[in-house]
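Here this note's numbering is used: the first residue of the sequence shown is 102, the next is one more, and so on.
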Amino acid sequence: MDGIMSIDENIGIDDLLGILEITPDDSANLQDGEDIYYFYSFSNLSDETKEVLLEIGFKEFKENIFFIQTDTIRINLILDHLIPLYQKNEIEKWNRIINKMARIHEKKHVFHPTFRQIMISVTWKGKLTQNEDEFKSFIMDLYLLFRESCKKGNRFTISEKCRSHNFWKIIGDLRNYYYSHDAEHWGEQRYNEAIDKANLAFKDLFPDQYPDKKPIPYINAQSKLLDKCLDFLDLLIGEV
Numbered sequence: 102m103d104g105i106m107s108i109d110e111n112i113g114i115d116d117l118l119g120i121l122e123i124t125p126d127d128s129a130n131l132q133d134g135e136d137i138y139y140f141y142s143f144s145n146l147s148d149e150t151k152e153v154l155l156e157i158g159f160k161e162f163k164e165n166i167f168f169i170q171t172d173t174i175r176i177n178l179i180l181d182h183l184i185p186l187y188q189k190n191e192i193e194k195w196n197r198i199i200n201k202m203a204r205i206h207e208k209k210h211v212f213h214p215t216f217r218q219i220m221i222s223v224t225w226k227g228k229l230t231q232n233e234d235e236f237k238s239f240i241m242d243l244y245l246l247f248r249e250s251c252k253k254g255n256r257f258t259i260s261e262k263c264r265s266h267n268f269w270k271i272i273g274d275l276r277n278y279y280y281s282h283d284a285e286h287w288g289e290q291r292y293n294e295a296i297d298k299a300n301l302a303f304k305d306l307f308p309d310q311y312p313d314k315k316p317i318p319y320i321n322a323q324s325k326l327l328d329k330c331l332d333f334l335d336l337l338i339g340e341v
């Protein structure tokens with residue numbers, strides 16, 4: 102957190118919306134004397150996205166139309182407002198994940214987590230991935246919690262349909278990517294296949310490009326993975 106709050110750069114509102122993956126339908130500027138108002142129209146905004154817009158300084162003009170009185174904003178000020186909001190959303194998603202896993206457990210013992218695996222949900226509840234190292238740890242923990250805990254011997258105890266789900270594949274492909282960058286360990290062909298699969302997963306989670314040291318894309322990717330996890334668990338609930 103301290104490293105992020107040291108960021109003291111300005112970012113354009115359009116660039117910020119791109120990082121937040123909020124796409125406006127249209128935009129226009131209105132000047133009133135020395136004041137300039139920057140208007141943006143959106144469609145199909147979720148309550149969560151509206152809350153993000155309001156947190157970073159937008160005001161709602163009317164339904165799906167928002168304005169702000171600056172075209173740049175300091176990154177550290179954005180994070181001061183967004184971090185608590187993102188944490189709140191992450192906690193809500195983990196609560197839903199835990200409830201769905203409990204529903205599955207009531208029907209069938211699909212997951213057989215160790216104490217360490219159970220503690221993963223406690224560790225990550227409200228904890229945000231803000232750089233590559235934290236994102237890597239998140240992937241490794243998701244792999245342990247959802248893939249390693251539903252094995253019987255060397256076989257998975259869920260259906261092929263569930264194993265074909267996007268969430269299942271992403272955490273597997275990224276875990277393999279992070280587990281070893283050594284071509285000799287994999288063999289050249291398997292190594293190249295692992296890299297290709299990981300690149301597809303990164304493209305899914307980071308639509309524009311893989312980030313360097315920007316925290317928001319990592320937080321967005323984490324949120325997407327939890328959404329995919331919820332969808333995966335819904336599929337699994339229908340299977341048990």
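Heads up, the beta-carbon is just placed ideally off N, CA and C, and yes, glycines get one too. Here the structure is a predicted model, which means the values were calculated and not measured.
Inset, instruction - State yes or no: is the C-beta of E346 within less than 9 angstroms of the C-beta of K226? - result: What the structure shows of the chain is the stretch from 102 to 341, and residue 346 is not part of that stretch, so it cannot be assessed.
Inset, instruction - Inspect the beta-carbon positions of W347 and S238 and report whether they are closer than 9 angstroms. - result: This structure gives no information on residue 347, because the portion of the chain shown stretches from 102 to 341.
Inset, instruction - Report yes or no: do the region 162–169 and the region 290–303 share at least 3 C-beta pairs separated by less than 8 angstroms? - result: Segments in contact, no.
Legend entry - Alpha carbon of L336 to alpha carbon of G273, nearest angstrom: Counting from 1 along the sequence shown, the entry for residue 336 is found at position 235. Counting from 1 along the sequence shown, the entry for residue 273 is found at position 172. About 18 angstroms.
Inset, instruction - Mind reading off the beta-carbon distance from L350 to Q132? Whole number of angstroms is fine, and I expect it under 8 angstroms. - result: The first residue shown for the chain is 102 and the last is 341, placing residue 350 beyond what the model contains.
Legend entry - Same chain only: Cβ atoms within 8 angstroms of I205, ignoring 5 sequence neighbours per side: As a working note, residue 205 is residue 104 in the sequence shown. For I205, where only same-chain residues beyond five positions count, the Cβ hits under 8 angstroms are V211, F212, L334, L337, I338, V341.
Inset, instruction - Confirm, please, whether the CB-CB distance from Q218 to Y319 is below 9 angstroms. - result: As a first step, residue 319 is located in the sequence shown; it is residue number 218 there, counting from the start. As a first step, residue 218 is located in the sequence shown; it is residue number 117 there, counting from the start. Going by C-beta atoms, Y319 is not nearer than 9 angstroms to Q218.
Inset, instruction - Name, in chain order, the residues that DSSP records as bridge partners for E161. - result: Position 60 of the sequence shown, counted from the first residue, corresponds to residue 161. The partner list for E161 (beta bridge, DSSP) reads F167.
Inset, instruction - On the DSSP bridge assignment, give the partners of G113 in chain order. - result: Here residue 113 refers to the residue found at position 12 when the sequence shown is read from its first residue. According to DSSP, G113 bridges with T173.
Inset, instruction - Return the first residue and the last residue of the beta strand (DSSP E) that I137 is part of. - result: In the sequence shown, residue 137 corresponds to position 36, counting from 1. Looking at the DSSP string, the run of the beta strand (DSSP E) that includes I137 is 136–142.
Legend entry - L183 to E135 span [Cα, whole Å]: Counting from 1 along the sequence shown, the entry for residue 183 is found at position 82. Counting from 1 along the sequence shown, the entry for residue 135 is found at position 34. Whole-angstrom Cα-Cα distance: 29 angstroms.
Legend entry - 9 angstroms Cβ cutoff met for C330 and F247: Translated into positions along the sequence shown, residue 330 becomes position 229. Translated into positions along the sequence shown, residue 247 becomes position 146. Yes, the pair counts as a contact, with Cβ atoms nearer than the cut-off.
Legend entry - Proximal residues to E122 (C-beta, below 8 angstroms), its chain only, five neighbours per side dropped: Position 21 of the sequence shown, counting from 1, holds the residue named residue 122. Only residues of its own chain outside the window of five on either side were considered, and among them P308, N321 have a CB closer than 8 angstroms to the CB of E122, listed in chain order.
Inset, instruction - Report buried or exposed for I137, applying the criterion of at least 16 other Cβ atoms within 10 angstroms of its Cβ. - result: For the purposes of this step, residue 137 is taken as the residue at position 36 of the sequence shown. Exposed: under 16 other Cβ atoms inside 10 Å.
Legend entry - Whole-angstrom distance between V153 and H266, CA atom to CA atom: Position 165 of the sequence shown, counting from 1, holds the residue named residue 266. Position 52 of the sequence shown, counting from 1, holds the residue named residue 153. Taking the straight line joining both Cα atoms gives about 29 angstroms.
Inset, instruction - Could you tell me whether the Cβ atoms of I198 and L327 are closer together than 9 angstroms? - result: Here the question's residue 198 lines up with position 97 in the sequence shown. Here the question's residue 327 lines up with position 226 in the sequence shown. Taking 9 angstroms as the Cβ cut-off, I198 and L327 qualify as a contacting pair.
Inset, instruction - Leaving out five residues on either side along the sequence, give the residues of the same chain with a beta carbon under 8 angstroms from the beta carbon of T258. - result: Taking the first residue of the sequence shown as position 1, residue 258 is located at position 157. So the list reads V211, C251, K252, once near-sequence residues are dropped.
Legend entry - Simplified DSSP assignment, three categories, for F257: On the sequence shown, residue 257 is found 156 positions in, with the first residue counted as 1. The answer is strand: DSSP assigns F257 an E or B state.
Legend entry - For P316 and G104, the rounded distance between their alpha carbons: The residue given as residue 104 occupies position 3 in the sequence shown. The residue given as residue 316 occupies position 215 in the sequence shown. Its pLDDT being 34, under 50, G104 is placed unreliably by the model, and nothing is read from it.
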